[in-house]
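Chain order of the listed sequences is A and B.
For the first sequence, counting from 1, position 37 maps to 36 in numbering that gives the first Met the number 0; every step adds exactly one.
For the second sequence, counting from 1, position 118 maps to 117 in numbering that gives the first Met the number 0; every step adds exactly one.
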Amino acid sequence: MKVGVLGEHKAFFSILFLVAAVIIAAEGSAYYYYQQSLGTACLNPCKGSVVSVETLINYGNRTSQWINKTNIPSNWNFYDLTNNITKVQATYYGPPTSEHLVTGINGVHSNGQYFWSLWAVCQKSNAWIATSVGADAIHFTTYHTLAWFYQAANSQDSSNWNPPVSGAAKVTVC
Amino acid sequence: MTITTVTTSRASVLNRPSTKVLIVAVFTALSLATDYAMTGFQNIKVMDTLVFLAAFLFGFRLGIGVALLTRFIYGLVNPLGPADPITLLFVMIGECFFVIAGAGLRGTFVGSTFLRGSREYERLTIVLSLVGLLATFAFDVLTNFASLLLKTSSLYQALVVGNIVGAPFAVAHEASNALFFAFVAPAMIVSAARLGLWSPRSDLA
């Protein structure tokens, strides 16, 4: 009787399928947890409430503006807020990332090494930190002062970037 | 008139240092070209499949050469700006997982079954797809960890938070690589075998 590849290497295939199942379960759980954390950033007690958020838009040419909004629905993310207070140009990436890449704010567009970097004030250290996630993933449970800073960067390493307020303290860990 | 016949076997040609350099250069160029062409697709790259194939077809050392060179150049000359040294180091190490997978599968029943021309391609396709998934998962876990290594207060936090925040990107990377390994890799292995560029026993390493 002819035995196929599957029959000849049962142990190999079994282990491979088992490991793949573990990987899919682990990655699926991480993705689910990530999506849940986005949807439940505002827990039940805060649903329907509003928050105050200060946003700095620094255009990089010594022009900047502070926008203080006091009536932001607490289930908004920072992209929603930016879209509300400025004229945003962005590229949307659908699932699984489901995020916006902000390419322009109020007519100032990414150009060569110049791009819009995203910052927040870490309340614990009272210093600016370049966020490690995009605007869609920022809810107002952690940060209440945020900034968009148009600057040139010659590296993806955010520790080399300048904070949005000249001379202000900057941290890499919040 | 004297006619001299020089017979050179394919194996000896493939074993020449110049040929090895050529193979690394061609695979690196292919990987980089596809990387730049697919810049608009986040975390979807044919590069990993090509690195795997280089190791599967031509051995561990050539695979390592392609992996390190490709990642080094792509890390420095990147449309999003050069990577920081820590990230660059980790993605170079991570890319070696595809080399280990390719070199590990080479010489096993997978290669000989392809050569035999059996009708079990679909099962081998599943093997390649799952091996691709495994190597990509290892790469993503390592690089997501590295991305938050200097931004969190503990290694554990970097591992957990990095892999949760990076999950959407990892899902895109792993799903696309599982498809590339299932459809691109078998076609290239069969083509290489038919062109006489590869046999499971030919070892350049």
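Note that the Cβ used here is the ideal one computed from N, Cα and C, for glycine as well.
Remember, it's a predicted structure, so these values are computed and weren't measured experimentally.
CB contact below 8 Å: residue i versus chain B
{"i": "Gln88 of chain A", "result": "no"}
{"i": "Tyr142 of chain A", "result": "no"}
{"i": "Ala19 of chain A", "result": "yes"}
{"i": "Asp156 of chain A", "result": "yes"}
{"i": "Gln64 of chain A", "result": "no"}
{"i": "Pro192 of chain A", "result": "Lying outside 0 to 173, the shown extent of chain A, residue 192 of chain A is not represented and no answer is given."}
{"i": "Glu53 of chain A", "result": "no"}
{"i": "Ile22 of chain A", "result": "yes"}
Per DSSP, the bridge partner or partners of residue i
{"i": "Ala129 of chain A", "result": "A:Trp118"}
{"i": "Phe148 of chain A", "result": "A:Asn57 and A:Ser116"}
{"i": "Gly103 of chain A", "result": "A:Gln88 and A:His108"}
{"i": "Gln156 of chain B", "result": "Its beta-bridge partners do not exist; DSSP assigns none."}
{"i": "Ser63 of chain A", "result": "A:Asn57"}
{"i": "Lys123 of chain A", "result": "Answer by DSSP bridge pairing: none, since Lys123 of chain A is not bridged."}
{"i": "Lys150 of chain B", "result": "Partner(s): none; Lys150 of chain B has no beta bridge."}
{"i": "His138 of chain A", "result": "A:Asn76"}
Whole-angstrom C-beta distance between residue j and residue i, which should lie under 8 Å
{"i": "Thr69 of chain B", "j": "Leu21 of chain B", "result": "Thr69 of chain B to Leu21 of chain B, Cβ: 15 Å. No contact."}
{"i": "Val65 of chain B", "j": "Ala53 of chain B", "result": "4 Å"}
{"i": "Val132 of chain A", "j": "Trp115 of chain A", "result": "Contact flag wrong, Cβ pair sits at about 15 Å."}
{"i": "Tyr142 of chain A", "j": "Val120 of chain A", "result": "7 Å"}
{"i": "Ser73 of chain A", "j": "Val107 of chain A", "result": "Wrong, their Cβ atoms sit about 29 Å apart, outside the cutoff."}
{"i": "Cys95 of chain B", "j": "Ile125 of chain B", "result": "About 24 Å; that fails the 8 Å criterion."}
{"i": "Glu26 of chain A", "j": "Ala169 of chain B", "result": "6 Å"}
{"i": "Leu15 of chain A", "j": "Leu129 of chain B", "result": "5 Å"}
{"i": "Val90 of chain B", "j": "Phe59 of chain B", "result": "The Cβ separation is near 19 Å, so there is no contact."}
{"i": "Phe51 of chain B", "j": "Phe180 of chain B", "result": "7 Å"}
Below-8 Å beta-carbon distance, residue i vs any chain A residue
{"i": "Pro78 of chain B", "result": "no"}
{"i": "Thr86 of chain B", "result": "yes"}
{"i": "Glu173 of chain B", "result": "yes"}
{"i": "Thr142 of chain B", "result": "no"}
{"i": "Pro167 of chain B", "result": "yes"}
{"i": "Ala204 of chain B", "result": "With a pLDDT of 46 at Ala204 of chain B, under the threshold of 50, the modelled position of this residue cannot be trusted, and the question is left open."}
{"i": "Phe138 of chain B", "result": "no"}
{"i": "Leu147 of chain B", "result": "yes"}
{"i": "Thr4 of chain B", "result": "Only weak support is given to the placement of Thr4 of chain B: the predicted model assigns it a pLDDT of 48, under 50, and the question is left unresolved by the model."}
Residue i (DSSP reduced to helix, strand or coil)
{"i": "His8 of chain A", "result": "coil"}
{"i": "Ala175 of chain A", "result": "Lying outside 0 to 173, the shown extent of chain A, residue 175 of chain A is not represented and no answer is given."}
{"i": "Lys19 of chain B", "result": "helix"}
{"i": "Pro72 of chain A", "result": "strand"}
{"i": "Glu98 of chain A", "result": "strand"}
{"i": "Ser158 of chain A", "result": "helix"}
{"i": "Asn42 of chain B", "result": "coil"}
{"i": "Asn143 of chain B", "result": "helix"}
{"i": "Ser51 of chain A", "result": "strand"}
{"i": "His172 of chain B", "result": "helix"}
Contacts that residue i makes with chain B (C-beta to C-beta distance below 8 Å)
{"i": "His8 of chain A", "result": "Phe108"}
{"i": "Ala152 of chain A", "result": "Gly80"}
{"i": "Gln223 of chain A", "result": "The requested residue 223 of chain A is not part of the displayed model; chain A covers only 0 to 173."}
{"i": "Tyr32 of chain A", "result": "Ile163 and Ala166"}
Contact set between residue i and chain A, taken where Cβ atoms lie within less than 7 Å
{"i": "Asn162 of chain B", "result": "Ala29"}
{"i": "Lys150 of chain B", "result": "Ser131, Thr171 and Val172"}
{"i": "Phe113 of chain B", "result": "The contacting residues do not exist; Phe113 of chain B stays about 11 Å from chain A at best."}
{"i": "Val170 of chain B", "result": "Glu26, Tyr30 and Pro95"}
Neighbouring residues, chain B, relative to residue i (Cβ below 9 Å)
{"i": "Gln35 of chain A", "result": "None at all; the shortest Cβ gap to chain B is about 10 Å."}
{"i": "Leu15 of chain A", "result": "Ile125, Val126, Leu129, Val130 and Leu133"}
Interface residues of chain A facing residue i [CB-CB closer than 9 Å]
{"i": "Val183 of chain B", "result": "Ordered by position in chain A, no residue passes the 9 Å Cβ test against Val183 of chain B, which lies about 19 Å from the chain."}
{"i": "Asp83 of chain B", "result": "Ser154, Gln155, Asp156, Ser157, Ser158 and Asn159"}
Residue i CB to nearest heavy atom of the ligand FMN below 7 Å
{"i": "Ile71 of chain A", "result": "Ligands displayed in this structure: none; no statement on the ligand FMN is therefore possible."}
7 Å Cβ cut-off: residues of chain B touching residue i
{"i": "Tyr92 of chain A", "result": "Gln41"}
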